[in-house]
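Asker: Sending over a structure as structure tokens; questions will come in a sec.
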Amino acid sequence: MKSGAQRDGTGHSCCDDHLPDHATGVDATQARQSVKKYFCPMCDGVESDTPDSCPKCGMALERNPVFREPHKIIYICPMHPQIEQDLPGNCPICGMTLAPRSCGVGVGDEEERREVDSLLRKFWIALVLTIPVLLIAMGHAIPGLHVDAIVPRQIGKWVEFGLTTPVVLWAGGFFFTRAWQSIVNRSLNMFTLIAVGVGAAYVFSAAAVLAPGIFPESFRRHGEVDLYFEAAAVITTLVLLGQLIEAKARSRTGQAIKALLGLAAKTAHRVRNGQQEEIPVDAIQKGDLLRVRPGEKVPFDGTIVEGQSNVDESMITGEPMPVSKGAGDKVVGATVNQTGSFLMRAERIGSETL
């Protein structure tokens, strides 16, 4: 069995057959037609059109670089990492908003801003519309507030209907979209429950206003069918508040991670065919041998293959004392090498590191 990390005397990887046309000279269209989307880097000839495990070594198949777009953003679900797509959207399993896999500077910032702005706008409009609905429906329980004298019952129910409709169908419309997705994917989630509760309260109340004659006498109290517009509006507004808080927390977390990424090395010393060269980190490939000298930052996650040193990992672990590292030990990108020099093999690069 040949290792995917082996290189021949020319410095080329044995996986060069899987590289895109700018590396092999093969036309991209022909390359896509001649190879499959996934391959095993450890076992020659193992390919598949779908993500799977290698039948020989059990390793997870890797996506062929021919099918990758170099600057394309991949969105994943933080709760279900197996869900990924190349456009922003919602997780079909839990309904959570997908987040960019890469946390590079500027990546996903516009989508995050749009999401927060949209939720903020919907929340405030829903809140303004919900308050009068709640006062009309529950004002009689407040001492000294004679709502019925201000808004008669026959008018109040139409006011509630008119104010609740945009709250439920516009501000909370995405609840129903995500609930439908969960039903289609046979994976019921929080939005399924919310949509059922809010939808039932709204539909029942709307029917009571628009067609009260369909309800039997047992459904009436003092000759009127009870309305639940305030329940639908309040639940929608509170869930919007929760979604807004979650989106802002996700955005702050992303900014903190991007700040950490800003501490990462910008160049690395690659060792190839006995020669050492300083190149941008974007040019580093998995399996490359990198020389890390005293005082330099570790460019990527990897394993030390030669040398020994003390590494400051405080930015990752919070531990102020440097950690002794030697051959076979793992090192993390953006940590600082202190005393010695070592040779490491890059294992996780780009958006995979940190």
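When you line the sequence shown up against this note's numbering, it's residues 1359 to 1712, in that order.
Just so you know, even glycine gets a beta-carbon here, dropped at the ideal spot from N, CA and C.
Rank Q1633, E1635 and G1660 by C-alpha distance to the C-alpha of G1645 and give the top, closest one.
Answerer: Within the sequence shown, residue 1645 is the residue found at index 287, counting from 1. The shortest Cα separation from G1645 among Q1633, E1635 and G1660 belongs to G1660.
Asker: Using the C-alpha atoms, what's the distance from F1532 back to E1705?
Answerer: Position 347 of the sequence shown, counting from 1, holds the residue named residue 1705. Position 174 of the sequence shown, counting from 1, holds the residue named residue 1532. Between E1705 and F1532, the C-alpha separation is close to 40 Å.
Asker: In terms of residue numbering, what span does the alpha helix (DSSP H) encompassing E1677 cover?
Answerer: Counted from its first residue, the sequence shown places residue 1677 at position 319. Here E1677 belongs to no alpha helix (DSSP H), and DSSP marks it neither H nor E.
Asker: Are at least three pairs of beta-carbons, each pair with one atom in the stretch 1496 to 1514 and one in the stretch 1536 to 1544, less than 8 Å apart?
Answerer: Verdict: no, contact absent.
Asker: Which runs of the alpha helix (DSSP H), 4 residues or longer, sit entirely within the stretch 1637 to 1697?
Answerer: 1672 to 1675
Asker: Report the rounded CA-to-CA distance for E1469 versus C1449, giving the unit in angstroms.
Answerer: For the purposes of this step, residue 1469 is taken as residue 111 along the sequence shown, with counting starting at 1. For the purposes of this step, residue 1449 is taken as residue 91 along the sequence shown, with counting starting at 1. Looking at the two C-alpha atoms, the distance is approximately 15 Å.
Asker: By how many angstroms is the C-alpha of V1474 removed from the C-alpha of E1588?
Answerer: The residue given as residue 1588 occupies position 230 in the sequence shown. The residue given as residue 1474 occupies position 116 in the sequence shown. Taking the straight line joining both Cα atoms gives about 25 Å.
Asker: In chain order, what are the residue ranges of uninterrupted alpha helix (DSSP H) at least 4 long that sit wholly in the stretch 1565 to 1617?
Answerer: none
Asker: Let me check one thing: in DSSP terms, what residues is I1434 bridge-paired to?
Answerer: Translated into positions along the sequence shown, residue 1434 becomes position 76. Answer is E1442 and A1457.
Asker: For the beta strand (DSSP E) containing L1701, name the first residue and the last one.
Answerer: Along the sequence shown, one-based indexing puts residue 1701 at 343. Where L1701 is concerned, the enclosing beta strand (DSSP E) stretches over F1700 to R1706.
Asker: Using three-state DSSP, classify A1381 as helix, strand or coil.
Answerer: By 1-based counting over the sequence shown, the position of residue 1381 is 23. Any reading at A1381 must be qualified, since the residue scores a pLDDT of 41, below 50, and its modelled position is unreliable; no value is offered.
Asker: Could you check what DSSP says for S1545 in three-state terms: helix, strand or coil?
Answerer: The count along the sequence shown starts at 1 and reaches residue 1545 at position 187. Three-state result, S1545: coil.
Asker: Using 10 angstroms around the beta-carbon of P1652, count the other beta-carbons present and answer buried if the total reaches 16, otherwise exposed.
Answerer: As a working mapping, residue 1652 is identified with position 294 in the sequence shown. Under the 10 Å beta carbon count, P1652 is surrounded by fewer than 16 other beta carbons and is classified as exposed.
Asker: Tell me whether L1627 sits in a helix, a strand or coil according to DSSP, three-state version.
Answerer: Numbered from its first residue, the sequence shown carries residue 1627 at position 269. The sequence shown places His at residue 1627, rather than the Leu named in the question. Reduced to three states, the DSSP call for H1627 is strand.
Asker: Going straight from the alpha carbon of R1511 to that of C1435, what length do you get?
Answerer: Here residue 1511 refers to the residue found at position 153 of the sequence shown. Here residue 1435 refers to the residue found at position 77 of the sequence shown. Straight-line Cα distance between these residues: approximately 47 Å.
Asker: Leaving out the 5 sequence neighbours to the left and right, which residues in its chain are closer than 7 Å to T1625 when beta-carbon positions are compared?
Answerer: The residue labelled residue 1625 in the question sits at position 267 within the sequence shown. The answer, listed in chain order, is E1636, I1637, P1638 and V1639.
Asker: Whole-angstrom Cβ separation of V1669 and P1680, contact assumed at under 8 Å?
Answerer: Start at 1 with the first residue of the sequence shown, and residue 1669 comes out as number 311. Start at 1 with the first residue of the sequence shown, and residue 1680 comes out as number 322. About 6 Å separates the two Cβ atoms, so the contact holds.
Asker: Where does the unbroken alpha helix (DSSP H) through W1516 begin, and where does it stop?
Answerer: The residue labelled residue 1516 in the question sits at position 158 within the sequence shown. Counting along the chain, the alpha helix (DSSP H) containing W1516 begins and ends at R1511 to P1524.
Asker: Tell me the rounded alpha-carbon separation between A1590 and D1687.
Answerer: In the sequence shown, residue 1590 corresponds to position 232, counting from 1. In the sequence shown, residue 1687 corresponds to position 329, counting from 1. Roughly 57 Å between the two C-alpha positions.
Asker: Quick one: any contact between the stretch 1563 to 1576 and the stretch 1519 to 1538, if contact means 3 or more CB pairs under 8 Å?
Answerer: By the Cβ test, the stretch 1563 to 1576 is in contact with the stretch 1519 to 1538, since at least three Cβ pairs between them sit closer than 8 Å.
Asker: Between L1477 and Y1586, what straight-line distance do the alpha-carbon atoms span, to the nearest angstrom?
Answerer: Mapped onto the sequence shown, residue 1477 falls at position 119. Mapped onto the sequence shown, residue 1586 falls at position 228. Rounded to the nearest angstrom, the two C-alpha atoms are 24 Å apart.
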